[in-house]
Amino acid sequence: MMYINEAVREAGKTVKLAGWVHRKRESGGIAFIIIRDRTGVLQVAVKKNNVDTHSWEAAENTTIESSVKVEGVVRKDQRAPTGYELEAATFENVQISEPYPITEYQSTELLLDKRHLWLRSRKMTGVMVARAHIFKYAREFLDGEGFFEVTPPTITLAGGETGSNLFEVSYYDKKAYLTESSQLYAEAMVPVLEKIYSLVPAYRAEKSRTTKHLAELWMLEPEMAYFDSEQSMKLQESMISHIASRFVKNDGDIIELLELDRKELADVKPPFKRISYEKAIELLNGKGAKLKWGDDFGMKEEMLLTEDEKKPVFVTDWAKEIKAFYAYVNPDDPRTVLSDDMQAPHGHGEIIGGTQREWRLDKLTERMREVEEGTGVRFNMDNYEWWLDLRRYGSVPHSGFGMGMERVIKWLLNLDHIRDAIPFPRMSNRLYP
Ligand code: 4AD
Ligand code: MG
Numbered sequence: 004m005m006y007i008n009e010a011v012r013e014a015g016k017t018v019k020l021a022g023w024v025h026r027k028r029e030s031g032g033i034a035f036i037i038i039r040d041r042t043g044v045l046q047v048a049v050k051k052n053n054v055d056t057h058s059w060e061a062a063e064n065t066t067i068e069s070s071v072k073v074e075g076v077v078r079k080d081q082r083a084p085t086g087y088e089l090e091a092a093t094f095e096n097v098q099i100s101e102p103y104p105i106t107e108y109q110s111t112e113l114l115l116d117k118r119h120l121w122l123r124s125r126k127m128t129g130v131m132v133a134r135a136h137i138f139k140y141a142r143e144f145l146d147g148e149g150f151f152e153v154t155p156p157t158i159t160l161a162g163g164e165t166g167s168n169l170f171e172v173s174y175y176d177k178k179a180y181l182t183e184s185s186q187l188y189a190e191a192m193v194p195v196l197e198k199i200y201s202l203v204p205a206y207r208a209e210k211s212r213t214t215k216h217l218a219e220l221w222m223l224e225p226e227m228a229y230f231d232s233e234q235s236m237k238l239q240e241s242m243i244s245h246i247a248s249r250f251v252k253n254d255g256d257i258i259e260l261l262e263l264d265r266k267e268l269a270d271v272k273p274p275f276k277r278i279s280y281e282k283a284i285e286l287l288n289g290k291g292a293k294l295k296w297g298d299d300f301g302m303k304e305e306m307l308l309t310e311d312e313k314k315p316v317f318v319t320d321w322a323k324e325i326k327a328f329y330a331y332v333n334p335d336d337p338r339t340v341l342s343d344d345m346q347a348p349h350g351h352g353e354i355i356g357g358t359q360r361e362w363r364l365d366k367l368t369e370r371m372r373e374v375e376e377g378t379g380v381r382f383n384m385d386n387y388e389w390w391l392d393l394r395r396y397g398s399v400p401h402s403g404f405g406m407g408m409e410r411v412i413k414w415l416l417n418l419d420h421i422r423d424a425i426p427f428p429r430m431s432n433r434l435y436p
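The numbers in the sequence shown follow our numbering, run straight up by one, and end at 436.
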């Protein structure tokens with residue numbers, strides 16, 4: 004058995020393929036059946052006069068999405084949709100599909116209801132290949148830099164970010180929460196393995212319905228001993244550049260299918276532009292935004308900031324009131340923290356959020372009290388005791404960041420909506436299938 008992309012390299016020889024019926028028509032004693040597999044599509048011609056009755060009947064009876072096996076010789080053929088045709092010697096149905104519920108023009112809602120089937124479309128197949136590759140490129144980069152992958156729990160007692168978007172779960176006789184970030188556990192691994200990353204789901208009960216927000220996303224979270232935020236940003240640039248260049252070299256099929264700008268992607272090389280939060284506010288207000296100090300960016304501001312960019316842009320030194328309590332206050336400017344967000348080009352939005360961490364116990368607890376006063380949020384300190392221990396026993400300066408895998412996929416593949424970057428999107432209005 005072979006894949007279609009291998010078979011077309013064996014023109015003139017007999018090959019065996021297994022796939023699914025993508026399209027079908029019959030004309031003058033020939034059934035033209037386009038089959039698909041994970042590597043592409045290929046036209047199969049089953050000629051009534053050249054095959055036994057068993058194969059001919061199978062070809063006549065087959066339906067869209069039937070699983071099939073075919074054997075025959077592949078030839079170059081200009082008339083066939085991909086320039087190749089397989090003339091069948093035998094054709095067999097593994098399972099004849101019931102009438103397929105997805106036809107050519109379908110509403111977005113129907114395609115989401117039939118997501119488990121829609122994933123077989125050419126576009127979604129390509130996205131799923133690219134997604135698996137992008138996960139691999141990220142891991143291979145960090146592994147090459149001497150990182151260990153670790154696996155934090157995703158059921159937790161407390162949040163690490165704002166805490167307001169947490170999903171509650173009942174955990175025996177207690178209340179627990181699905182993790183919104185694995186950072187606190189990543190930090191605990193720093194004195195163990197020094198450079199680590201986790202790549203697990205994060206959960207956010209986002210109320211806003213946007214094209215960039217999922218309730219369940221896959222977050223890559225590296226954490227590095229003795230890195231300051233400058234070193235962390237260098238690492239982020241190199242990683243993104245590695246992912247983009249591997250994608251350009253290795254994923255030509257999806258680049259072609261989605262008509263992506265290969266040159267622009269190949270040029271995603273360090274250094275990336277940097278702009279402070281303060282300068283970004285000035286720039287955005289100059290373009291018609293109405294931001295005050297302490298305001299976060301929304302969809303509109305992200306678009307204004309990066310619509311003309313070709314590479315990601317760092318926004319650094321954010322106002323401390325909009326970043327989490329663990330961020331290190333800027334020694335040169337107590338209004339800000341040593342933090343960076345990486346914004347993808349063309350308004351695809353924030354792909355990375357990173358900070359240098361406050362590693363000194365007294366400053367950290369002082370900052371937590373300050374946040375409580377500023378926001379009215381109360382930390383349940385019992386839940387954070389273990390994490391504060393990290394600052395009591397051999398604490399070291401460290402930095403880390405979180406990268407939303409689906410945001411990166413959305414940007415690289417220029418997808419309109421983040422839901423297409425993940426097989427089964429979880430959103431406020433979607434839990435089926
Ligand atoms: O910026 P965030 O909230 O940062 C953290 O959670 C840090 N604790 C991470 C760390 O330092 N270890 O989230 C990190 C990234 C964002 O930049 C964004 O790419 C993605 O996660 N993200 C989302 N992606 C899709 N849907 C959502 N609802 C997302 N929320 C965050
Ligand atoms: Mg963020």
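Virtual Cβ for every residue (Gly too), placed ideally from N, Cα, C.
- When C-alpha distances from Tyr-180 are compared across Leu-169, Gln-186, Tyr-188, the shortest belongs to Leu-169.
- Closest in C-alpha terms to Leu-268, from the list Glu-233, Ser-279, Arg-28, Ala-247, comes Ala-247.
- A Cβ closer than 7 Å to some heavy atom of the ligand MG marks a residue here, and those residues are Asp-344, Glu-353, Gly-356.
- In this structure, Ala-133 and Asp-264 do not form a Cβ contact; the two beta carbons are roughly 15 Å apart against a cut-off of 8 Å.
- One alpha carbon belongs to Glu-240, the other to Phe-404, and they sit about 12 Å apart.
- Ala-283 sits in a helix when the DSSP states are folded into three classes.
- DSSP places Tyr-387 in the uninterrupted alpha helix (DSSP H) bounded by 384-395.
- Across the structure, Val-54 and Asp-116 are spaced so that their CA atoms are roughly 40 Å apart.
- A buried status is given to Asp-343, since no fewer than 16 other beta-carbon atoms sit within 10 Å of its beta-carbon.
- Using a 10 angstroms sphere on the CB of Lys-139, the tally of other CB atoms stays under 16, which defines it as exposed.
- With distances taken between CA atoms, Arg-125 lies nearest to Glu-259 out of Phe-144, Ala-283, Ala-191, Glu-259.
- Residues Gly-149, Phe-150, Met-227 of the same chain have their beta carbon placed closer than 6 Å to that of Lys-198, with the five preceding and five following residues left out of the count.
- If you ignore the 5 residues before and after Lys-413, its C-beta comes within less than 6 Å of the C-beta of His-351, Ile-421, Ala-424, all in its own chain and listed in chain order.
- Counting every other CB atom within 10 Å of its CB across the protein chains shown gives Met-384 a total below 16, marking it as exposed.
- Counting C-beta pairs with one atom in each stretch, the segment 80-91 and the segment 36-53 have three or more that are closer than 8 Å, which means they touch.
- Your pair Met-222 and Pro-426 does not check out as a contact, with CB atoms roughly 17 Å apart and the cut at 8 Å.
- Of the other Cβ atoms in all chains shown, 16 or more fall within 10 Å of the Cβ of Met-192; this residue is therefore buried.
- Between Lys-323 and Val-340, the CB-CB gap stays under 8 Å.
- Under the three-state reduction of DSSP, Thr-309 is assigned to helix.
- By the C-beta criterion, the segment 232-239 is judged not to be in contact with the segment 199-211, since fewer than 3 inter-stretch pairs fall below 8 Å.
- By the neighbour-count definition (other C-beta atoms within 10 Å, threshold 16), Glu-60 is an exposed residue.
- For Phe-144, the secondary structure class from DSSP, reduced to helix, strand or coil, is helix.
- Between Arg-410 and Ile-354, the C-beta gap is smaller than 8 Å, which places the two residues in contact.
- No Cβ-Cβ contact shorter than 8 Å links Ile-278 with Leu-294.
- The beta-carbon distance between Lys-303 and Pro-348, rounded to whole angstroms, is 16 Å. This is too long to meet the 8 Å contact definition.
- Residue side-chain check: Gly-162 keeps its Cβ at 7 Å or more from all non-hydrogen atoms of the ligand 4AD.
- Excluding sequence positions up to five before and after Glu-13, its CB lies within less than 7 Å of the CB of Val-77, all in the same chain and listed in chain order.
- The alpha-carbon separation between Val-97 and Glu-29 amounts to approximately 20 Å.
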